[in-house]
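Sequences listed follow chains B and C, in order.
In this note's numbering, each residue carries its 1-based index in the first sequence increased by 6.
In this note's numbering, each residue carries its 1-based index in the second sequence increased by 6.
Number of protein chains: 2
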Amino acid sequence: MSAKITIHDVARESGVSIKTVSRVLNREPNVKADTRDRVQAAVAALKYRPNISARSLAGSKAYLIGVFFDNPSPGYVTDVQLGAIARCRQEGFHLIVEPVDSTADIEEQVAPMLATLRMDGVILTPPLSDHPAVLEALEREGVPYVRIAPGGDLDRAPWVSMDDRLAAYEMTRHLIGLGHKDIAFIVGHPDHGAAMQRRQGYVDAMRDAGLPVRDDRVEQGWFSFRSGFEAAEKLLGGADRPTAIFASNDDMALGVMAVANRLRLDVPGQLSIAGFDDTPGAKITWPQLTTVRQPIHAMAGAAADMLMHGVEQEEGAPPPSQVLDFELVVRESTGAL
Amino acid sequence: MSAKITIHDVARESGVSIKTVSRVLNREPNVKADTRDRVQAAVAALKYRPNISARSLAGSKAYLIGVFFDNPSPGYVTDVQLGAIARCRQEGFHLIVEPVDSTADIEEQVAPMLATLRMDGVILTPPLSDHPAVLEALEREGVPYVRIAPGGDLDRAPWVSMDDRLAAYEMTRHLIGLGHKDIAFIVGHPDHGAAMQRRQGYVDAMRDAGLPVRDDRVEQGWFSFRSGFEAAEKLLGGADRPTAIFASNDDMALGVMAVANRLRLDVPGQLSIAGFDDTPGAKITWPQLTTVRQPIHAMAGAAADMLMHGVEQEEGAPPPSQVLDFELVVRESTGAL
DNA sequence: AAACGCCTTGACAACGCTGTCATCATCGCG
DNA sequence: CGCGATGATGACAGCGTTGTCAAGGCGTTT
């Protein structure tokens, strides 16, 4: 174990006071170029690394960003983490992950952690992005936060998102463009704001194309494989079958795929299937799923950015927000009639 | 934002010195029961939460555990995190996640973070559990670590694992019990220690049952869907087909499943397929995959435990280790001939 | 040449806690 | 009844940074 070297060592080595070293470290202005170079040389020579605890105790920054999640789709969570960390690394921040059980007492879970850890900010993933108690707790403790893909109450705090409605619209257009006229839709979990927007995109596209939106072609799902499976059984059970099914997330689409396999329907020959999210599972199936790639990585990165650089919010002005681009990923599960 | 309340507030409120409050907080002995109660009452009344930065600056504990991972199977990583956090919560520890790119410069990634963060310990997930440079860096910085499912060099440091060989052995037995005699095996990524052990389990079970282990029935894979797919194409391409395929992880098994679907082979009627890991994907397919449930959650919990309570290592004695139980999960993808 | 102002630097006090050591009360025991 | 051992508590000095403020150097203005 190498002996811990502190700012004092660097100060001695470079012949300045510790305060000046601190200035160089924090890129503060008003340090002579010459001095700065000497200090930086000493830092490099000694391989000095500032102690994060001391920094956060003395200063206002903690160099810690939290990520809260609940009932995670593993792929989503991992992606968020990787996206956030990529940005954090550059600025010397670290990521603390905290699962939050939204069905349990929020106050009890969140408040203590916020108080002990005094993070610089936290990233909220769905469905936590829309959980009132979580937002409240954060606000009460005065910890800045950024919501990823919030469903509503958009003026409350900064957020990062993508245009779910538009993405669903385009996916539906894709199907229509392939010649499909009878397209079914499986709705996602009502607690997720995005679910409603995706449905709207589907409805809008159908309307705009002059196609009917039949009630019996829209099934309620819960974003789970099982719910997709069940919805597909209803949809494909009778003789009157849609030629395409657009499930509003991949897990459900995989459920549809399972039913199709079971019924020995050729995909996409007899049935086109589209998903949403581009989870790893989308590729882990045959045929591979046509889906929408969410910019999860980028959204998390943007959220981290906002938090690290301080989310400046002007009085009265709407909170900062970003809408990032999605991408339609056309693979083999959709095809012409 | 509630005003920060410190140990001094608690001390004043309960009429003792801050040191005594500290003693109560840390469950140190030699505090009168009466005093302890008064302090605890004050803590509760004021909702006092010790500041973690101050604690780690002053004391020896940082209340921070790291989790290192690389190229994660998202399900695995999330599981590890949840398992570790569940234990950490009880003791007031928090989890820092750090992806480590094993193909890049390890020293550069790991050393600075270890120096700034001074965590109490880190949990290593495969394939990092067997990455020499990572182990070295950790040792040099004097940070304790626990390896999850290491492949070798078992006397070097504490570890937690399961018996991969035995699990594969039992899965093969399961297949044999179903009446299969011609069972193919898809080997995992050679960098993962577990891959070799699983293969050994397969070989042992075949031998013990007096069944031949044919070279052309053992394919090399890489733990990826694609590699499973390709291996299956070779295995199922000709007329001489095995009646069962045991892929040494779920992703590869799903690749096999995809090929089977494509060839319109009935699973499990014409072909039984077994996986390993019980990832979420195992249920996200039809028929659902027979597989082995790894005790990932428990392994991570055990690792966190070791780290929090200090991994005592006696001179010369082997490092502490734990082998946890796996579970054979029989679902629909395997059946009698 | 005096006065002013900006740039650069350093001394020193926090930050909120734990570790160390001293102090005092209490207890057992010869 | 006195004395050492032990229990209970507190005073105080760090831990390694940043924040605050003061001071000196130097160029510019009047």
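We put the beta carbon where it would ideally sit given N, CA and C, even for glycine.
Sequence-distant residues of the same chain with beta carbon closer than 6 Å to Tyr175(B), five excluded per side: Gly207, Asp210, Ala211
Closer than 8 Å to chain C by CB, Pro286(B): yes
Continuous alpha helix (DSSP H) stretch holding Phe332(B): start and end: Careful: Phe332(B) lies outside any alpha helix (DSSP H) and carries neither H nor E.
Test item: CB-CB of Phe191(B) and Arg223(B) under 8 Å: yes
The region 104-118 of chain B contacting the region 285-292 of chain B, beta-carbon criterion three pairs below 8 Å: no
Backbone secondary structure at Ala9(C) - three-state DSSP: coil
Member of Thr297(C), Gly341(C), Asn255(C) whose CA lies at the smallest distance from the CA of Val273(C): Nearest C-alpha to Val273(C): Gly341(C).
Closest by C-alpha distance to Val149(C), when choosing among Leu134(C), Arg124(C), Arg179(C): Arg124(C)
Under 8 Å between C-beta atoms of Phe347(C) and Leu31(C): With chain C covering 7 to 343 only, the question about residue 347(C) has no answer from this structure.
Exposure of Gln203(B), with buried meaning 16 or more beta-carbon neighbours within 10 Å: So Gln203(B) ends up on the buried side.
7 Å Cβ shell around Ile24(B) - same chain, five flanking residues per side excluded: Ile13, His14, Ala17
Under 9 Å from the C-beta of Pro118(C): neighbouring residues of chain B: Lys53, Arg55, Gly98
Chain C within 8 Å of Pro3(B), Cβ atoms only: Only positions 7 to 343 of chain B appear in this structure, which leaves residue 3(B) out of reach.
Proximity to Ser278(C) [Cα-Cα], best of Gly227(C), Arg205(C), His180(C), Ala306(C): Of the candidates Gly227(C), Arg205(C), His180(C), Ala306(C), the one whose C-alpha sits nearest the C-alpha of Ser278(C) is His180(C).
Cβ contact check for the region 217-235 of chain B and the region 252-261 of chain B: 3 or more pairs under 8 Å: yes
Distance between Ala117(C) and Glu147(C) (C-alpha atoms, nearest Å): Cα to Cα, the separation comes out at about 7 Å.
Contact with chain C by Ser135(B), beta-carbon distance below 8 Å: Not one chain C Cβ lies under 8 Å of Ser135(B).
Touch test, the region 301-312 of chain C against the region 92-107 of chain C, Cβ-Cβ under 8 Å, three pairs minimum: yes
Top-ranked residue by Cα proximity to Leu313(B), from Glu97(B), His195(B), Glu104(B): Glu97(B)
Collapsed DSSP secondary structure at Ala245(B) in the structure displayed: coil
Complete runs of the alpha helix (DSSP H) confined to the region 194-251 of chain B [at least 4 residues]: Taking 4 residues as the shortest admissible run, the region 194-251 of chain B contains the following complete alpha helix (DSSP H) segments, listed from N- to C-terminal end: 199-214, 231-243.
Per-residue DSSP class, three states only, for Glu34(B): coil
Residues of the region 252-274 of chain B with Cβ closer than 7 Å to any Cβ of chain C, in chain order: Asp257, Leu260, Ala264, Asn267, Arg268
Coil, strand or helix - Pro56(C) by DSSP: coil
Residues in the region 81-115 of chain C having any Cβ partner in chain B nearer than 9 Å: Gly81, Tyr82, Val83, Thr84, Asp85, Gln87, Leu88, Ile91, Ala92, Arg95, Gly98, His100, Leu101, Ile102, Val103, Glu104, Pro105, Gln115
Ala259(B) and Gly281(B) closer than 8 Å at C-beta: Result yes, Cβ atoms of Ala259(B) and Gly281(B) sit closer than 8 Å.
Chain C within 8 Å of Ala60(B), Cβ atoms only: yes
Cβ-based contacts, 8 Å cut-off: residues of the region 16-44 of chain C near chain B: Answer set for the region 16-44 of chain C: empty.
Near-chain B residues of the region 232-246 of chain C (beta-carbon distance less than 8 Å), N- to C-terminal order: Phe235
Within 8 Å, strictly: CB atoms of Val86(C) and Leu330(C): no
For Pro164(C), three-class secondary structure by DSSP: coil
Minimum length 3: unbroken beta strand (DSSP E) runs contained in the region 89-135 of chain C: 100-105, 127-130
Burial state of Asp43(B) (16 or more Cβ within 10 Å): When all chains shown are included, Asp43(B) counts as exposed.
Near-chain C residues of the region 288-312 of chain B (beta-carbon distance less than 8 Å), N- to C-terminal order: Lys289, Ile290, Thr291, Trp292
Neighbourhood of Ala139(B) by C-beta, 6 Å cutoff - its chain only, sequence neighbours within 5 removed: Excluding positions up to five away in sequence, the list reads Ile112.
Beta carbon proximity, Thr131(C) to chain B, threshold 8 Å: no
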